[in-house]
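Residue 4 is where the sequence shown starts when you use our numbering, and the numbers rise one by one after that.
From the three backbone atoms N, C-alpha and C, an ideal C-beta is built for every residue, glycine too.
From a predicted model like this one, the values you see are computed outputs, not experimental measurements.
Before any comments, here is the structure.
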Amino acid sequence: MPCWPSTTEWSSLNDTISGRLIKTTPVASVCYRSAPTFNAETCQILRSNWTTWPFHSANPTSVGDPSLDSACAPIFPNGTSVSGNSKAGKQGCSLGNYPPYVVNATGAEDVQAAVAFAKKWNLRLNIKNTGHSGERSINPGSLSIWTHNMKNIQYHQMFTPQSCLSNKTGVAATLGAGVQDGELFAAMAKHDAIAVGGQNNDVGVVGWATGGGHGLATGLYGMGADNIIEAVIVTPSGEVLRVNECQNEDLFWAVRGGGGGTFGIIISVTVKVYKMPSAMLMGIVVSPKNNISTKEWYSLVARMHGEFPQLQKSGVHGYYTLSSSPMSFNVALLQYNTGNKTSDTLLAPMRKILREASATASSQFTKQWASSWYDLVKNIPLYGSTGKVHSTRSSRFIPRREMKDTQSLAKALDAIMAPDSLSRRGVSDPSVSGTMTASEIPVNNALNSAWRDSSVHIITTQTWDDTLPHDLREKAIHDMTFKRGYALRQLAPDTGAYFNEANSYEPNWQWSFWGSNYPRLYAIKQKYDPKGLLWCHNCVGSETWTQQGNGTLCRAL
Numbered sequence: 004m005p006c007w008p009s010t011t012e013w014s015s016l017n018d019t020i021s022g023r024l025i026k027t028t029p030v031a032s033v034c035y036r037s038a039p040t041f042n043a044e045t046c047q048i049l050r051s052n053w054t055t056w057p058f059h060s061a062n063p064t065s066v067g068d069p070s071l072d073s074a075c076a077p078i079f080p081n082g083t084s085v086s087g088n089s090k091a092g093k094q095g096c097s098l099g100n101y102p103p104y105v106v107n108a109t110g111a112e113d114v115q116a117a118v119a120f121a122k123k124w125n126l127r128l129n130i131k132n133t134g135h136s137g138e139r140s141i142n143p144g145s146l147s148i149w150t151h152n153m154k155n156i157q158y159h160q161m162f163t164p165q166s167c168l169s170n171k172t173g174v175a176a177t178l179g180a181g182v183q184d185g186e187l188f189a190a191m192a193k194h195d196a197i198a199v200g201g202q203n204n205d206v207g208v209v210g211w212a213t214g215g216g217h218g219l220a221t222g223l224y225g226m227g228a229d230n231i232i233e234a235v236i237v238t239p240s241g242e243v244l245r246v247n248e249c250q251n252e253d254l255f256w257a258v259r260g261g262g263g264g265t266f267g268i269i270i271s272v273t274v275k276v277y278k279m280p281s282a283m284l285m286g287i288v289v290s291p292k293n294n295i296s297t298k299e300w301y302s303l304v305a306r307m308h309g310e311f312p313q314l315q316k317s318g319v320h321g322y323y324t325l326s327s328s329p330m331s332f333n334v335a336l337l338q339y340n341t342g343n344k345t346s347d348t349l350l351a352p353m354r355k356i357l358r359e360a361s362a363t364a365s366s367q368f369t370k371q372w373a374s375s376w377y378d379l380v381k382n383i384p385l386y387g388s389t390g391k392v393h394s395t396r397s398s399r400f401i402p403r404r405e406m407k408d409t410q411s412l413a414k415a416l417d418a419i420m421a422p423d424s425l426s427r428r429g430v431s432d433p434s435v436s437g438t439m440t441a442s443e444i445p446v447n448n449a450l451n452s453a454w455r456d457s458s459v460h461i462i463t464t465q466t467w468d469d470t471l472p473h474d475l476r477e478k479a480i481h482d483m484t485f486k487r488g489y490a491l492r493q494l495a496p497d498t499g500a501y502f503n504e505a506n507s508y509e510p511n512w513q514w515s516f517w518g519s520n521y522p523r524l525y526a527i528k529q530k531y532d533p534k535g536l537l538w539c540h541n542c543v544g545s546e547t548w549t550q551q552g553n554g555t556l557c558r559a560l
């Protein structure tokens, strides 16, 4: 048997799935004169949309990451790519990391056909909904399953997982694998209800939740993984399984925090639904004055961090950003089913800290209340941009006890935010984003237990475009991993990092992402996928294989 399916074989697969097989043509090929698809007008439209997430999520192959889309990036008429590669036009357009064929799946039968075909021809399988998973959404030489158009949403006034007793009944919603956060929020609002999702409306619910899932309401209602009460999965054997706490319990445990595309291809999930709360959005913006030293600035920021555990205990959760050029600290906090007086009382300690620092820092507080959580968040810009810069990051769960050690925290913040020689040669100054939306309530699932004791999940990031020389890119990645990341690991050595938002070169990633849960996850992976049909970088069981330069996988020795 030949190594690659013939045109006849691909045509047969296309017939099996009713014409839903897509032969990949890189979407940016319209920008290259050497390509038969060249169209200058279409290229201009493409360039204007390339930095928006909805463009990439609606495309069967593109993921919006210049590091992964580089073989055929959009170019300007002078041949320079949107990410700054002046040689892109001369290098031309090729398939690169894109999968050659994509199954536009609409149900379990399409997925089963793709699984059977991949097994017959020993092909890698790839899974993409929106592409927010980056390198886990694109694999060269693979057959890709695109779940994006599985958009069904069913609201249940009463739902009982299969094989469970009636006391497991509750309000729920069943979501197709292609449903995105914004679609979920809008659908539940029609029922005056809420289900948890991420803080980016474009993100797919399934990948977000099965990897862990933090969002605007997870501090109150539980993490994304905690809220899955049932899932329908096509396993690598081709079997369709309905998993919950009453049947196929091992697989149910694994996909709730262990990564959904690792153990099978998820067709749908059923999640918990709650009555729509009112919400108070509180903003704090802090900026240093000219007479403050860097050490004093991060000491002030650390003192503010020290108040976060008590705020979270009182039901206040949120996000923040810390910038180094210019220096600023921006905090967005949410509290539910409360009023003005309560929020004023809770923020009083924070106000006191900033009053005492008024000689060296300015601050501004804002508040906005809404009778409906959805009315508040639907007006927040929750998409972000992508497609123009490369990035590297390191992250860490910071437990509550470390937040009280403001001296050590200030030292760590100074270390991870310090500009260096790279910052003057094309790499951005570091920035930090903080997630204060963890649920401390333990749940029997695969989620890293470090989430439960975490006050903040800190991510520090640097970016650059294609004008940066290769050796400096390598140095930026190395320094992020082993210098800035090291400072975070020293601050909280016994915790870990979030699977969905981690460094690609995270040291000891098995422990970092899943802690003591990893051996059980590995055993479940071997049970359901012993031949490694589903593989992705730093996913459960991925160490069993090594990826070659052409994308093929070989058994690790």
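Considering just the uninterrupted stretch of the beta strand (DSSP E) at residue i, what are its terminal residues?
{"i": "I561", "result": "For residue 561 there is no data in the structure shown, the boundaries of the chain being 4 and 560."}
{"i": "V289", "result": "A282 to P291"}
{"i": "C332", "result": "The question names Cys, but residue 332 in the sequence shown is Phe. From DSSP, the beta strand (DSSP E) with F332 extends over M330 to Y339."}
{"i": "S436", "result": "S434 to M439"}
{"i": "A175", "result": "G173 to G179"}
{"i": "N129", "result": "R127 to K131"}
{"i": "W576", "result": "Past the boundaries of the shown model lies residue 576; the chain is included only from 4 to 560, so the question cannot be answered."}
{"i": "L24", "result": "L24 to K26"}
{"i": "C557", "result": "L556 to R558"}
Check residue i in the structure and name its three-state DSSP category.
{"i": "C563", "result": "Given a span of 4 to 560 for the chain in the structure shown, any question on residue 563 remains unanswerable."}
{"i": "K193", "result": "coil"}
{"i": "S397", "result": "strand"}
{"i": "M406", "result": "helix"}
{"i": "D151", "result": "Strictly speaking, residue 151 in this sequence is His, with Asp absent from that position. Residue state, collapsed to three classes: coil."}
{"i": "S32", "result": "helix"}
{"i": "S136", "result": "coil"}
{"i": "S375", "result": "coil"}
{"i": "Q313", "result": "helix"}
{"i": "G572", "result": "Since the displayed the chain opens at 4 and closes at 560, residue 572 lies outside it and no answer follows."}
{"i": "L425", "result": "helix"}
{"i": "K370", "result": "strand"}
{"i": "H146", "result": "Reading off the sequence, residue 146 comes out as Leu, not His. L146: strand per DSSP, three-state reduction."}
{"i": "S51", "result": "helix"}
{"i": "S37", "result": "coil"}
{"i": "S388", "result": "strand"}
{"i": "L168", "result": "coil"}
{"i": "L450", "result": "coil"}
{"i": "L537", "result": "strand"}
At which residues does the alpha helix (DSSP H) containing residue i begin and terminate?
{"i": "I419", "result": "T409 to M420"}
{"i": "Q513", "result": "W512 to W517"}
{"i": "N17", "result": "T10 to T19"}
{"i": "L223", "result": "T221 to Y224"}
{"i": "Y521", "result": "Y521 to Y531"}
{"i": "S302", "result": "T297 to H308"}
{"i": "Y323", "result": "It is not in any alpha helix (DSSP H) - Y323 instead sits in the beta strand (DSSP E) that spans H320 to S327."}
{"i": "R492", "result": "G488 to L494"}
Compute the beta-carbon to beta-carbon distance between residue i and residue j, rounded to the nearest angstrom, for a pair I have assumed lies under 8 Å.
{"i": "R306", "j": "I356", "result": "5 Å"}
{"i": "C557", "j": "T549", "result": "5 Å"}
{"i": "M279", "j": "I197", "result": "5 Å"}
{"i": "L130", "j": "I141", "result": "The sequence as given places Ile at residue 130; Leu does not occur at that position. 10 Å between Cβ atoms; not a contact."}
{"i": "S346", "j": "M406", "result": "With 8 Å as the limit, S346 and M406 do not qualify as a contact, their Cβ atoms being about 21 Å apart."}
{"i": "G87", "j": "D468", "result": "4 Å"}
{"i": "F502", "j": "G214", "result": "5 Å"}
{"i": "L49", "j": "A76", "result": "Not quite, the Cβ-Cβ distance comes to about 10 Å (not below 8 Å), so this is no contact."}
{"i": "L219", "j": "V380", "result": "6 Å"}
{"i": "K528", "j": "F266", "result": "6 Å"}
At a cut-off of 8 Å, is residue i close to the ligand ADP when judged by its beta-carbon and the heavy atoms of the ligand?
{"i": "A479", "result": "With respect to small molecules bound, the structure shown includes none, and the ligand ADP cannot be examined in it."}
Can you give, in chain order, each stretch of the alpha helix (DSSP H) that sits fully within the stretch 55–116 and has at least 4 residues?
-> Entirely contained in the stretch 55–116, the alpha helix (DSSP H) runs reaching 4 residues are, in chain order, 56–60, 69–72 and 91–94.
At 3 residues or longer, and completely inside the stretch 454–482: list those beta strand (DSSP E) runs for me, N to C.
-> Runs found: 457–467.
If you scan the stretch 258–284 from start to end, which runs of the alpha helix (DSSP H) of 4 or more residues do you find wholly inside it?
-> With a minimum length of 4 residues, the continuous alpha helix (DSSP H) runs that stay inside the stretch 258–284 are 263–266.
Does the pairing of the stretch 424–432 with the stretch 487–503 give three or more beta-carbon distances under 8 Å?
-> Touching, no, given that fewer than three Cβ pairs across the two stretches are closer than 8 Å.
Evaluate the contact criterion for the stretch 163–172 versus the stretch 99–115: three or more CB pairs, one atom per stretch, below 8 Å.
-> By the criterion of at least three beta-carbon pairs nearer than 8 Å, the stretch 163–172 is not in contact with the stretch 99–115.
Touching or not, the stretch 353–371 and the stretch 285–296, by the rule of three or more beta carbon pairs under 8 Å?
-> With contact defined as three or more Cβ pairs closer than 8 Å, the stretch 353–371 and the stretch 285–296 are in contact.
What are the uninterrupted segments assigned as beta strand (DSSP E) that are 3 or more residues long and contained completely in the stretch 229–259, given in chain order?
-> Look at the stretch 229–259 and you find these whole runs of beta strand (DSSP E), each 3 residues long or longer: 231–237 and 243–246.
The stretch 32–46 touching the stretch 84–96, judged by at least three CB pairs closer than 8 Å | In short, these stretches touch, since the Cβ pair count reaches three.
Please list the segments of the alpha helix (DSSP H) lying wholly inside the stretch 336–368, counting only runs of 4 or more residues, in order along the chain.
-> Counting whole runs of 4 or more residues, the stretch 336–368 contains the alpha helix (DSSP H) stretches 343–359.
The stretch 190–208 in contact with the stretch 40–49 per 3-pair CB rule at 8 Å | Segments in contact, no.
Are at least three pairs of beta-carbons, each pair with one atom in the stretch 211–231 and one in the stretch 255–263, less than 8 Å apart?
-> Output reads yes: the stretch 255–263 touches the stretch 211–231.
Contact between the stretch 226–239 and the stretch 517–524: three or more CB pairs below 8 Å?
-> Flag = no, the stretch 226–239 and the stretch 517–524 do not touch.
Is the stretch 18–30 touching the stretch 108–116 in the sense that three or more CB pairs, one from each, lie closer than 8 Å?
-> The stretch 108–116 makes contact with the stretch 18–30: 3 or more CB pairs, one atom from each, lie closer than 8 Å.
Check whether the stretch 297–312 touches the stretch 405–419, counting contact only when three or more Cβ pairs, one atom from each stretch, lie closer than 8 Å.
-> Short answer: they touch.
Take every Cβ of the stretch 502–517, pair it with every Cβ of the stretch 478–487, and state whether three or more of those distances are shorter than 8 Å.
-> By the criterion of at least three beta-carbon pairs nearer than 8 Å, the stretch 502–517 is in contact with the stretch 478–487.
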